[in-house]
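Colleague: So in the working numbering, spot 109 of the sequence shown is number 747, and the numbers just go up one at a time.
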Amino acid sequence: MIRSLWTGTTGMHGQQLNIDVIANNLANVSTTGFKKSKADFQDLLYQTMKVPGSQTSTDTESPTGILIGLGVKPAAVTKIFTQGDLILTENELDVAIEGNGFLQIEMPNGNTAYTRAGALKRDSNGRLTNSDGYPVLPTITIPDGSRQITISETGIVSALIGDDTVSTELGTMELATFTNPAGLAAIGKNLFEETSASGTAQTGTPGEDGYGTLLQTYLEGSNVNIVEEIANMITTQRAYEINSKTIQTSDEMMQTTNNLV
639 MIRSLWTGTT
649 GMHGQQLNID
659 VIANNLANVS
669 TTGFKKSKAD
679 FQDLLYQTMK
689 VPGSQTSTDT
699 ESPTGILIGL
709 GVKPAAVTKI
719 FTQGDLILTE
729 NELDVAIEGN
739 GFLQIEMPNG
749 NTAYTRAGAL
759 KRDSNGRLTN
769 SDGYPVLPTI
779 TIPDGSRQIT
789 ISETGIVSAL
799 IGDDTVSTEL
809 GTMELATFTN
819 PAGLAAIGKN
829 LFEETSASGT
839 AQTGTPGEDG
849 YGTLLQTYLE
859 GSNVNIVEEI
869 ANMITTQRAY
879 EINSKTIQTS
889 DEMMQTTNNL
899 V
């Protein structure tokens, strides 16, 4: 019975983690470029009371044995990088990535971070930046007096400058891809950092093999499905309650046993 107390406890801890992940998904349902997470679990070690295949008589053996599980533990919280909905904004500096890839962002410490949030801005020097003012890489500067800024599907940034009637090409945006994007480390502000699990960033031109394309005046929405997350939340809540009931029942059984002594 003490074993069942601890088994129920591991179940409650596991479901608490699950509800935390679901709550974060729901909180970011309107976050640009957000990617939902999913908690994965593993069963714990088993206590062997009878080994499968052990002798039950001279000529027979146990077909299954008796193995008592000791509960559950979290194995991973995985980011799911499926495509989010494309949302029309009509802002000429907004870009959505359709397909694989991340925009590259230069952090204040000189490191490169990666994002799917394409709500771009211009800083005081005319450089394209993200919403926090961190420059997009490679650096693209839009001069003062520029108008009719266009960003092609292949990342070419052009604009009419001053009284020009022909667009001037200002630079080309690049995308980064990873062998294992689920291995990226989320650092907040819609940004990810490269890790040994993600592999090294491979950069290329949008539209090339393995790279997505850019859609100007669109943003990629969160890939969180509200109905799915609410259904998961209800299931998780019930599982938490059931594990709590397991602990309560085990406690009542122990009290009954003590009363018999």
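All residues carry an ideal CB built from backbone N, CA and C; glycine is no exception.
1. For Tyr856 and Met650, what's the separation of their Cα atoms in angstroms?
2. Expressed to the nearest angstrom, what Euclidean distance is found between the alpha-carbon atoms of Thr694 and Thr702?
3. Within the same chain, show all residues whose beta-carbon is closer than 6 Å to that of Thr841, passing over the 5 residues directly before and after it, in chain order.
4. From Met871, Asn896, Ile885, Thr884, pick the residue whose C-alpha is nearest to that of Leu655; which is it?
5. Do you know offhand how far Asp889's Cα is from Gly837's?
6. With contact counted as at least three CB pairs below 8 Å, one residue from each stretch, are the segment 707 to 727 and the segment 786 to 797 in contact?
7. I'd like the span of the alpha helix (DSSP H) that includes Ser888, first residue to last.
8. Give the DSSP-derived three-state secondary structure of Met650 in the structure shown.
9. Comparing C-alpha positions only, which one of Ala835, Leu705, Pro690, Ser675 sits nearest to Leu683?
10. Between the segment 813 to 831 and the segment 745 to 755, do at least 3 Cβ pairs fall closer than 8 Å?
11. Do you know whose CA, among Ser834, Ser882, Ser784, lies nearest Thr806's CA?
12. Three-state secondary structure (DSSP) at Asp658?
13. With burial defined as no fewer than 16 other Cβ atoms inside 10 Å of the residue's Cβ, what is the status of Glu858: buried or exposed?
14. With distances taken from CA atoms, which of Pro781, Asp782, Leu758, Ile780 is nearest Tyr772?
15. Report buried or exposed for Gly850, applying the criterion of at least 16 other Cβ atoms within 10 angstroms of its Cβ.
16. Ser834: buried (16+ other C-beta within 10 angstroms of its C-beta) or exposed?
17. Which two residues bound the contiguous beta strand (DSSP E) that contains Tyr752?
Modeller: With the structure as the only source:
1. Residue numbering aside, residue 856 sits at position 218 when the sequence shown is read from its first letter. Residue numbering aside, residue 650 sits at position 12 when the sequence shown is read from its first letter. Roughly 42 Å between the two C-alpha positions.
2. The sequence position of residue 694 within the sequence shown is 56, counting from 1. The sequence position of residue 702 within the sequence shown is 64, counting from 1. Rounded to whole angstroms, Thr694 to Thr702 spans 12 Å at the Cα level.
3. The sequence position of residue 841 within the sequence shown is 203, counting from 1. Cβ within range, chain order: Glu812, Ala814.
4. Along the sequence shown, one-based indexing puts residue 655 at 17. Checked all of Met871, Asn896, Ile885, Thr884; the closest Cα to Leu655 is Met871.
5. Mapped onto the sequence shown, residue 889 falls at position 251. Mapped onto the sequence shown, residue 837 falls at position 199. Spanning the two alpha carbons is a distance of roughly 49 Å.
6. Under the Cβ criterion (8 Å, minimum of three pairs), the segment 707 to 727 does not count as touching the segment 786 to 797.
7. By 1-based counting over the sequence shown, the position of residue 888 is 250. Its alpha helix (DSSP H) spans residues 864 to 898.
8. Taking the first residue of the sequence shown as position 1, residue 650 is located at position 12. Helix at Met650.
9. Residue numbering aside, residue 683 sits at position 45 when the sequence shown is read from its first letter. Between Leu683 and the set Ala835, Leu705, Pro690, Ser675, the nearest pair of CA atoms involves Leu705.
10. As far as the Cβ criterion goes, the segment 813 to 831 touches the segment 745 to 755, which means the pair count is three or higher.
11. Here residue 806 is taken as the residue at index 168 of the sequence shown, counted from 1. Considering only alpha carbons, the answer is Ser784.
12. Taking the sequence shown and counting its residues from 1, the one referred to as residue 658 is at position 20. Helix at Asp658.
13. The residue labelled residue 858 in the question sits at position 220 within the sequence shown. Buried, by the Cβ-count rule.
14. Within the sequence shown, the letter at position 134 stands for residue 772. Relative to the Cα of Tyr772, the nearest Cα in the group Pro781, Asp782, Leu758, Ile780 belongs to Leu758.
15. The residue you call residue 850 lines up with position 212 of the sequence shown. Around the beta-carbon of Gly850, 16 or more other beta-carbon atoms lie within 10 Å, marking it buried.
16. Working through the sequence shown from its first residue, we reach residue 834 at position 196. It counts as exposed.
17. As a working note, residue 752 is residue 114 in the sequence shown. In the DSSP assignment, Tyr752 falls within the unbroken beta strand (DSSP E) covering 750 to 753.
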